[in-house]
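There are 2 protein chains.
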Amino acid sequence: MKLLGQALIGGQPVRGAGDSFRAFDPQRGEHIEPPFHSVSEEQVNQACVLAGAAFDAFRASSDAQRATLLEAIAGNILDLGDELIERAMAETGLPRARLEGERARTCNQLKLFAGLLREGSWCDPRIDPAMPQRAPLPRADLRYRLIGVGPVAVFGASNFPLAFSVAGGDTASALAAGCPVVVKAHSAHPGTSELVAHAVVAAVQGCGLPPGVFSLLPGSGSHIGQALVRHPAIQAVGFTGSRAGGTSLMATAAARRQPIPVYAEMSSINPVFLLPAALAARHDALAAGFAASLTLGVGQFCTNPGLVLGLEGPALDRFCAAAAQALGGSAAGTMLTAGIAASYQRGVQALAAQSEVSTLVSTAHTGCQGGPALFRAGAASFLAQESLSDEVFGPAALVIACRDLDEMRRVAEHLEGQLTATLHMNDADMDAAQALLPVLERKAGRIVTNGFPTGVEVAHAMVHGGPFPATSDGRSTSVGSAAIHRFLRAVCYQDLPQPLLPPVLRDANPAKVWRRRDGLLTQE
Amino acid sequence: MKLLGQALIGGQPVRGAGDSFRAFDPQRGEHIEPPFHSVSEEQVNQACVLAGAAFDAFRASSDAQRATLLEAIAGNILDLGDELIERAMAETGLPRARLEGERARTCNQLKLFAGLLREGSWCDPRIDPAMPQRAPLPRADLRYRLIGVGPVAVFGASNFPLAFSVAGGDTASALAAGCPVVVKAHSAHPGTSELVAHAVVAAVQGCGLPPGVFSLLPGSGSHIGQALVRHPAIQAVGFTGSRAGGTSLMATAAARRQPIPVYAEMSSINPVFLLPAALAARHDALAAGFAASLTLGVGQFCTNPGLVLGLEGPALDRFCAAAAQALGGSAAGTMLTAGIAASYQRGVQALAAQSEVSTLVSTAHTGCQGGPALFRAGAASFLAQESLSDEVFGPAALVIACRDLDEMRRVAEHLEGQLTATLHMNDADMDAAQALLPVLERKAGRIVTNGFPTGVEVAHAMVHGGPFPATSDGRSTSVGSAAIHRFLRAVCYQDLPQPLLPPVLRDANPAKVWRRRDGLLTQE
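Those sequence lines, one after another, are chains X and S.
Going by the numbering used here, the first sequence opens with residue 1, and the numbers climb by one from there.
Going by the numbering used here, the second sequence opens with residue 525, and the numbers climb by one from there.
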């Protein structure tokens, strides 16, 4: 498929009316053809108006129709074949195996939501039957279901050009919910975005759905995204990116005449707690596992383990030495963009410059290359110095030596919200883990035991979320089937005649969908 | 019980350090003893710190313990007996029967959440078992549940001194979720608030729960509420009141270092659509039902039917005449506060002053008395004049005459978010209803058929919510068991040892709680 460098507005390729820009190959250090054209605010408006107009028809589609749509998107993405992988490799510097894995994950994600739709109870159907004889007042017939909130703006993420981008988890869950999607393509992978967008558009057309269900808006600069979030047709926002970017969209959404929810996944340092017995028994193995997790994908994961906590002493020293050795031997890797590499280098230099931070590993950085870095400080310094809690996006981590378990707990309590918290523990650490657990539950969306936080399973029980600033809305997850709840709201129907009720709420329940009747689950 | 005019901070009566104020009897037009004392910001801080400190212990209580707490609160409220009813009558001007009914509703609400806790699946437990043999990568054991978000600030509402106040739906659902509650008492019913707060505190003490689980903060003026919402320990806000009050709290919450969700139920005009066949067949009965709903409780319900839409013609004229006759014969009633009465009078005068609005009924107002008012305008005027969509809190309504069903649909599309939308229809109106329904689903939280929106059942399938400005968060309901979801967030446990898992997620499931295993419901 020849890349056109165009927007797709309601399924139609349209040349953006704004400035042109090109993708950049961070591996080769050169721009790539063709030029892409940023859309204008008027083109943002066109896409949003089409999305608004498509909403009622799209949400009236059956669960099976939307499941078919999601499966068709997955099939079309696979059909793009190697062209997609090669373009994504050029635009991101990510290796083939990683991108092939990410493509499989993206398709599995689409299929997970298709399965959720086919199961049917995602809309939480509830029926409280009428009680005409009740005294002092009769009860009306009340029926409840969740429906989509309306058109959703999705922002592609730089670090997952497939799984958190045009047809990633935000888009899959929004489409599953019956919400049209307007994607702001990430300017770092516009060609990948265009290819995937064509896969989505073909599926929308193939399923006979209204074209406004999906649009792709290329653009460089934040004004396009801001215009998108301001648009009155947009009813929710999905974003994965920086804290500055996310909080800026939150402010825009809150300042609207009608404020809307923003689901921004932003910033996390993913603390790893090395409990004493585990550290004493396994310091070398823990160091090897940690170094592998830290450097995976050049550290460019939201769940990268950027903070390690242990009790000061010989076992922690040996962990640090082994980790430093493993990391010192790791080659620098190509980062996603020149901007990310520059920001990483600034972050590493700022840590190295702190007087109370010692540098265990530092590697030279040039251009888009980023090498691992490891630092160490005492818990007292960490507690006193707010900037030590800042995320450094890339393969850098800070080891915090705590005097005792109480101080470790104080450090945990001091942390901002996190996507993950990890416990390394042996049986002898059970009490220490028990004492930390309530703090970690308050701080993080996912608690990992004896593993590392990188690697986020797409599953029903996954939470990829967490209190601010991990996300803008700690009630949500952006991975796993619960992600659909971000884009749903409840409607109650009181005494509505059966023919007007949505099928899932009618008396007959031929599909045997699980529903709550007076609060109790039944397939009746 | 002698009223002390004091705050209850972590269960302890404390004299507020701020200004003193007294309640006002709107029926007699005089202040009532004793004086109450507004809390200081430092006292707000004390309550919030205690709430934060109590959170881990409180949420570690079993579902059965919290169910017992809620049932004990209900019992203690009943035990307050007539003293509660009489104080509430004096402070609100509401009649005995209404307050006795509201007390029953408040207790039922507490019991609904107790039942939800005893059923057990409220926390949406999910288990995706490990798949150690899966290729290319094994799957970890993933378990998911919802936990409380943290301490919740609750603002009592003036119009439901029991059911939406100190131990109302917000408090009941927050306590059920395991969240400590800090209540800002409404200054219009401080004595009622103090009595109910003692009932809550006694239940907290009787159940052996930490005292920080509940505090009551009296105060007049908005600075106390603002300080409460700014406090870092507070993690969510429940509010029922004016649009100005709600949006002000939303702005404060969004401006925090860590933004938090605000659930404000604010403003709704609750459109009633009189479809042609129903209007032709039943104009007089509809007018009688409408007049009764409009004047119920002197129109001081969030779900008061403030907008009526019909097709212009003789049937609508006869509806208007019959409604005007019924309303013209209604006596004025005592409104809740002098402020509400004055605001109502301004709203009615503003409508009457519009050149394109004709006044069908207007009654004189004096002091805290408010009488019904009915106006009529054409749809074109309504579409052109934004202020005609503003809520007038009280027994006033505007009838909009539409040229045809298309214009009626355009008016529906023009509306802001609503708590309710009502359809009056006969079989011959089925197509018209079908055409309106998708619009109403987007606009309202509850769609009522052939009834009136006043009267909100406390049930599992209820939605008392709706898109902004009906509420600040259209994904939520403040009535019914789904209200608990406002105060919950998800946590995932990856490979956590069984003894550390919360009981509801352990392999053994002796209580046979419904859980999702790989996405499918099971009691296994």
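The C-beta atom is built at its ideal place from N, Cα and C for all residues, glycine as well.
For residue i, write down the residues that DSSP places opposite it in a beta bridge.
i, result
"Ser-544(S)", "His-561(S)"
"Ile-32(X)", "Ala-23(X)"
"Phe-679(S)", "Lys-708(S), Phe-763(S)"
"Glu-265(X)", "Thr-240(X), Thr-471(X)"
"Phe-214(X)", "Val-181(X)"
"Met-655(S)", "Arg-663(S)"
"Met-402(X)", "For the sequence presented, residue 402(X) should be read as Cys rather than Met. For Cys-402(X), which the question treats as bridged, DSSP gives the partners Leu-311(X)."
Could you tell me the distance, in whole angstroms, from the CA atom of residue i to the CA atom of residue j?
i, j, result
"Gln-893(S)", "Arg-767(S)", "23 Å"
"Val-491(X)", "Thr-944(S)", "10 Å"
"Ser-121(X)", "Ala-135(X)", "33 Å"
"Pro-685(S)", "Thr-616(S)", "8 Å"
"Ala-90(X)", "Gln-27(X)", "7 Å"
"Glu-86(X)", "Val-753(S)", "51 Å"
"Ser-682(S)", "Gly-765(S)", "7 Å"
"Leu-860(S)", "Ala-254(X)", "32 Å"
"Ala-130(X)", "Arg-139(X)", "5 Å"
"Arg-539(S)", "Glu-554(S)", "24 Å"
"Asn-509(X)", "Gln-523(X)", "8 Å"
"Glu-416(X)", "Gly-156(X)", "25 Å"
"Ser-381(X)", "Asp-63(X)", "54 Å"
"Gly-10(X)", "Leu-69(X)", "16 Å"
"Ser-585(S)", "Gly-702(S)", "8 Å"
"Gly-923(S)", "Leu-875(S)", "Per the sequence shown, the amino acid found at residue 923(S) is Val instead of Gly. Roughly 12 Å between the two C-alpha positions."
"Arg-629(S)", "Gly-599(S)", "13 Å"
"Gly-605(S)", "His-561(S)", "25 Å"
"Gly-821(S)", "Gln-536(S)", "35 Å"
"Phe-1011(S)", "Val-149(X)", "20 Å"
"Gly-576(S)", "Pro-704(S)", "8 Å"
"Ile-224(X)", "Val-183(X)", "11 Å"
Buried or exposed, going by whether 16 or more other CB atoms sit within 10 Å of the CB of residue i?
i, result
"Thr-819(S)", "buried"
"Met-1(X)", "exposed"
"Ser-996(S)", "buried"
"Asp-652(S)", "buried"
"Arg-409(X)", "buried"
"Asp-648(S)", "buried"
"Arg-66(X)", "buried"
"Thr-366(X)", "exposed"
"Ser-791(S)", "buried"
Locate the alpha helix (DSSP H) running through residue i, then write down its first and last residues.
i, result
"Arg-243(X)", "243-255"
"Asp-284(X)", "276-295"
"Glu-86(X)", "81-92"
"Lys-1036(S)", "Taken as a continuous stretch (DSSP letters only), Lys-1036(S) belongs to no alpha helix (DSSP H), as it is neither H nor E."
"Asp-170(X)", "169-176"
"His-189(X)", "Neither: His-189(X) is in no alpha helix (DSSP H) and is coded neither H nor E."
"Ala-321(X)", "314-328"
"Ile-748(S)", "747-754"
"Leu-110(X)", "96-119"
What are the start and end residues of the beta strand (DSSP E) that includes residue i?
i, result
"Leu-532(S)", "531-533"
"Gly-150(X)", "Taken as a continuous stretch (DSSP letters only), Gly-150(X) belongs to no beta strand (DSSP E), as it is neither H nor E."
"Phe-160(X)", "It is not in any beta strand (DSSP E) - Phe-160(X) carries neither H nor E in the DSSP assignment."
"Ser-882(S)", "882-885"
"Ala-377(X)", "373-378"
"Gly-891(S)", "Premise fails: Gly-891(S) is in no beta strand (DSSP E) and is neither H nor E."
"Val-439(X)", "Segment 430-443 is the alpha helix (DSSP H) holding Val-439(X); no beta strand (DSSP E) there."
Would you please verify whether the beta carbon of residue i is less than 8 Å from any beta carbon of chain C?
i, result
"Asn-108(X)", "No chain C is present in this structure, whose protein chains are X and S."
Pairing CB atoms from the stretch 306-324 of chain X with CB atoms from the stretch 272-287 of chain X, are three or more of them under 8 Å? yes
The stretch 444-453 of chain X contacting the stretch 639-655 of chain S, beta-carbon criterion three pairs below 8 Å = no
Determine contact between the stretch 556-571 of chain S and the stretch 616-627 of chain S, defined as no fewer than three beta-carbon pairs at a distance below 8 Å.
They do not touch, by the three-pair rule.
| query | Is the stretch 729-737 of chain S touching the stretch 541-559 of chain S, taking contact as three or more C-beta pairs under 8 Å? | reply | no
Given 8 Å as the limit, is there contact between the stretch 165-177 of chain X and the stretch 191-202 of chain X, that is, 3 or more CB pairs closer than that?
-> yes
Original post:
Would the stretch 945-957 of chain S and the stretch 472-481 of chain X be scored as touching if the rule is three or more Cβ pairs under 8 Å?
Top reply: no
- Task: Inspect the CB distances between the stretch 859-878 of chain S and the stretch 907-915 of chain S and report whether three or more fall short of 8 Å.
- Result: yes
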